[in-house]
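In terms of the numbering used here, the sequence shown opens at residue -9 and continues consecutively.
Backbone N, C-alpha and C fix where the C-beta goes; we use that ideal spot for every residue, glycine too.
Okay, so here's the structure we're looking at.
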Amino acid sequence: MNNKHRSYIRRKALEIIELEQEINLGNNVQENQKKIQYIMSALPMNDIMLIDDYIIRSKLLTK
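So, in structure tokens, the structure goes:
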């Protein structure tokens, strides 16, 4: 994976994490869920897996 694609994956992961944090706070839950769904539906499965891996390895989604 080249640096440009790696940066893209990181940006998308951080965007999703930000929306997840808003959901956890109870802010605009349905709207933020729709945004996440829209982001995910536009990505190929390989990128979704890379984003998931990045989030898990970076421990970005903890309570």
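- Judged by their CB atoms, residue -1 and residue 40 are nearer to each other than the 8 Å cut-off.
- If the five residues before and after residue 2 are omitted, its C-beta is found closer than 6 Å to the C-beta atoms of 41, all from its own chain and listed in chain order.
- In the displayed model, residue 50 falls within coil according to three-state DSSP, outside both helix and strand.
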